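Undergrad: Handing you a structure now.
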Amino acid sequence: MTATSSPLARPGFIYSILLAIGMAAVVGAAIGFQYIGGYIPCALCLLQRQPYYYAIPIAILAAICELAGLPNWISRAMILAAGILMLVTAGMGVYHAGVEWHFWPGPATCSTTANGLTSNAGDLLTELNTIKGPSCTDAALRVLGLSFAGWNVIAGVLLAAFAFVGVRKAA
0 MTATSSPLAR PGFIYSILLA IGMAAVVGAA IGFQYIGGYI PCALCLLQRQ PYYYAIPIAI
60 LAAICELAGL PNWISRAMIL AAGILMLVTA GMGVYHAGVE WHFWPGPATC STTANGLTSN
120 AGDLLTELNT IKGPSCTDAA LRVLGLSFAG WNVIAGVLLA AFAFVGVRKA A
């Protein structure tokens, strides 16, 4: 048995595992900024995370298919699907960044900012129904001129490119 015949050395396995790790790192960083950094995500921020939540298990499943010795077209199709989902999140990031830069209007559900809750228990339920998350038009933080949405575009495109290279290499 040669080293290349080992499922762990197959390009489909390596690319799918690295892709899953990369996607988990990106969405994990976003969750870290939320829970550790205190940056409350807006509705569009939360929406941009969903492709990661779907793509990570798909990439892990692709690795499992490689380990099980299934035909490589199965894992290649899964890596391709994960790559397409990364293009979806990148597209969502472009839309969100455009909303932040006021190139186009955002959804109506993103027009208000979060306020503190009342200390009156009788008004609590009423306020819970009226309080909305932060505005999608205001970037919570910019690093090197890019908001979280802008960085998500870069991450999504890079992860998609990595996935598409993985599809070619696993052939």
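Mind the numbering: the sequence shown is residues 0 to 170 in numbering that gives the first Met the number 0, read in order.
All C-beta atoms, glycine included, are put in the ideal place defined by N, C-alpha and C.
In this text, all values refer to a predicted model and were calculated from it rather than measured experimentally.
Mind checking which residues open and close the alpha helix (DSSP H) that includes Ala80?
TA: Per DSSP, Ala80 belongs to the alpha helix (DSSP H) from 71-99.
Undergrad: Per DSSP, which one or two residues make a beta bridge with Leu145?
TA: Per DSSP, Val142.
Undergrad: Taking the C-alpha atoms as reference points, what is the distance between Asn71 and Ala61?
TA: Going from the Cα of Asn71 to the Cα of Ala61 covers about 9 Å.
Undergrad: Compute the beta-carbon to beta-carbon distance between Leu18 and Gly165, rounded to the nearest angstrom, for a pair I have assumed lies under 8 Å.
TA: Rounded, the Cβ-Cβ distance is 6 Å, consistent with contact.
Undergrad: Buried or exposed for Gly105, going by 16 or more other Cβ atoms inside 10 Å?
TA: So Gly105 counts as buried.
Undergrad: With burial defined as no fewer than 16 other Cβ atoms inside 10 Å of the residue's Cβ, what is the status of Gly37: buried or exposed?
TA: Looking at its Cβ environment, which holds fewer than 16 other Cβ atoms inside 10 Å, Gly37 is exposed.
Undergrad: Is there contact between the segment 38-46 and the segment 137-149, where contact requires at least three CB pairs shorter than 8 Å?
TA: Yes: at least three Cβ pairs fall under 8 Å.
Undergrad: Can you give the Cα-Cα distance for Val93 and Gly149, rounded to whole angstroms?
TA: Approximately 7 Å, taken between the alpha carbons.
Undergrad: For Tyr34 and Ala28, what's the separation of their Cα atoms in angstroms?
TA: Between Tyr34 and Ala28, the C-alpha separation is close to 10 Å.
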